[in-house]
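Asks: Start counting at 1 in the sequence shown, then tack on 17, and there's your number in my numbering.
Attaching a single structure in structure tokens format; questions to follow.
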Amino acid sequence: MKMRFLLSVAVAIGCIGQAVAADEQAAPTVFGTVRVQQEMLNNGKDDGFRVGQASVGVKGALSFDEFKAIYETEVEFADLANPDNASDSNEARVRTARVIVPTKNAGTFVLGRTASGVWADSYGHLDLFENTENYNPASGSYTFSSGLMGQALRAPGVAAWKSPTFGGVYIVPAVLSVNDSNGQSDDVLSVRAVYAKDGIKVSASYVGVDPSAAAGKDYERTAIGASYKADKWQIGATHENNSDHPSGDFTVNAIAGRVQVAPRTNINLGYFDKDHDNNALDNSAIIGNVTYDLGGNAVKGARLFLEHEEHDIDANDKTTAGITVKF
């Protein structure tokens, strides 16, 4: 069954009956992130000062009477900003290129390359740190802290539908094409159910990868996440199970939290434990940082940070200190 085709038809159905007239387009918004940092690494790379992130994007909305489409593109330039490195692709790369179509009664449709919704809902409460996003130029994927979790941070070729929310509950089925040369259109199927209300969030997700995109294995990944967020603190945990992963079966248990210790100062701390069938791939890590807000907020603002990762796999250890600016 061609779920990509069905989801595309669903987008069209969701828009039927919405009259198209003169467009009303507000000026697009330019946004971005620049993070510069001093690094102390334990993986054979040089310690030193480098650009951790340099991304620029454009987003906006286009309306035709009752029809509305939200668009967003974002490009990463950090590899170009730093000296050549064997592990870098030395090129700009697209982080996001998506169209979001919200409807009045039929939910919301998302198409394109986007931040992973599974990650946001089932793992987002763990993502409290400044420098834990890793890019693999061979696969073009973004992962969390040297692959501690199996779930990728960003997803290409997405066609997803988010249901209307009832009593704080919504569901999101999606189909992804992650390989354009394997003769298989629907490489990944996923679905998640989420409850989010009054600071509480609980999510259960399933991801199934076609054998042609997973070294011939019927790879499946399930995750359960739960979190609570208050004004000055939050805490959350995730259990992830990876069955028939190309590297072997493994599970990950993680917990992370944040506490505001002063009006502009936060401490974030997390513990992650990866139990792999191949003992050589076992890993656990403690990740912590202290951040000081210079002004603004999480969307537009600046903050100083000091962060450390301590892994069982010593090569993954690193300490960074720097400044993050979002505009």
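All C-beta atoms in this analysis are idealised placements derived from N, C-alpha and C, irrespective of residue type, glycine included.
With a threshold of 6 Å on Cβ separation, who are the neighbours of W136 within its own chain once the five nearest residues in sequence on each side are excluded?
Replies: By one-based count along the sequence shown, residue 136 stands at place 119. Cβ neighbours of W136 beyond the five flanking positions: Q168, L170.
Asks: Over the uninterrupted beta strand (DSSP E) stretch that includes A78, give me the two end residues.
Replies: In the sequence shown, the residue the question calls residue 78 occupies position 61. First-last of the beta strand (DSSP E) with A78: 65-81.
Asks: Measure the C-alpha to C-alpha separation of A38 and T120 and round it to an integer number of angstroms.
Replies: Mapped onto the sequence shown, residue 38 falls at position 21. Mapped onto the sequence shown, residue 120 falls at position 103. Caution applies to A38, whose pLDDT of 38 falls short of 50 and renders its modelled position unreliable; the value that the coordinates give is listed next. Going from the Cα of A38 to the Cα of T120 covers about 17 Å.
Asks: In the DSSP assignment, find the unbroken alpha helix (DSSP H) run with L321 in it and report its ends.
Replies: Translated into positions along the sequence shown, residue 321 becomes position 304. Element bounds for L321: not the alpha helix (DSSP H) but the beta strand (DSSP E), 318-328.
Asks: Can you have a look at H328 and say buried or exposed, based on whether 16 or more other CB atoms are within 10 angstroms of its CB?
Replies: Taking the first residue of the sequence shown as position 1, residue 328 is located at position 311. Flag for H328 reads buried.
Asks: So, with DSSP's three-state summary, where would you put D138?
Replies: Along the sequence shown, one-based indexing puts residue 138 at 121. Of the three classes helix, strand and coil, the one that applies to D138 here is helix, per DSSP.
Asks: Tell me the DSSP secondary structure of K246 in three-state form.
Replies: In the sequence shown, the residue the question calls residue 246 occupies position 229. Looking at K246 - three-state DSSP - the assignment turns out to be strand.
Asks: Looking at the structure shown, is P181 part of a helix, part of a strand, or coil, going by DSSP?
Replies: Within the sequence shown, the letter at position 164 stands for residue 181. P181: coil per DSSP, three-state reduction.
Asks: Identify whether A271 lies in helix, strand or coil by the three-state DSSP scheme.
Replies: Here residue 271 refers to the residue found at position 254 of the sequence shown. Here A271 sits in strand by DSSP.
Asks: Please state the DSSP three-state secondary structure of A230.
Replies: As a position in the sequence shown, residue 230 is number 213, starting the count at 1. It is helical.
Asks: Buried or exposed, going by whether 16 or more other CB atoms sit within 10 Å of the CB of E324?
Replies: Here residue 324 is taken as the residue at index 307 of the sequence shown, counted from 1. Buried, because 16 or more other Cβ atoms sit within 10 Å of the Cβ of E324.
Asks: In the structure shown, what three-state DSSP assignment does A297 receive?
Replies: Residue numbering aside, residue 297 sits at position 280 when the sequence shown is read from its first letter. Of the three classes helix, strand and coil, the one that applies to A297 here is helix, per DSSP.
Asks: Determine the direct distance from the alpha carbon of D266 to that of H293, and round the result to whole angstroms.
Replies: Within the sequence shown, residue 293 is the residue found at index 276, counting from 1. Within the sequence shown, residue 266 is the residue found at index 249, counting from 1. Each residue's alpha carbon lies about 6 Å from the other.
Asks: Measure how close the beta-carbons of T149 and S162 come, nearest whole angstrom, since I'm counting them as under 8 Å.
Replies: Translated into the one-based positions of the sequence shown, residue 149 becomes position 132. Translated into the one-based positions of the sequence shown, residue 162 becomes position 145. Going by Cβ atoms, the distance from T149 to S162 rounds to 4 Å, so yes, they are a contact pair.
Asks: Identify whether L170 lies in helix, strand or coil by the three-state DSSP scheme.
Replies: Taking the sequence shown and counting its residues from 1, the one referred to as residue 170 is at position 153. Three-state DSSP puts L170 in coil, outside helix and strand.
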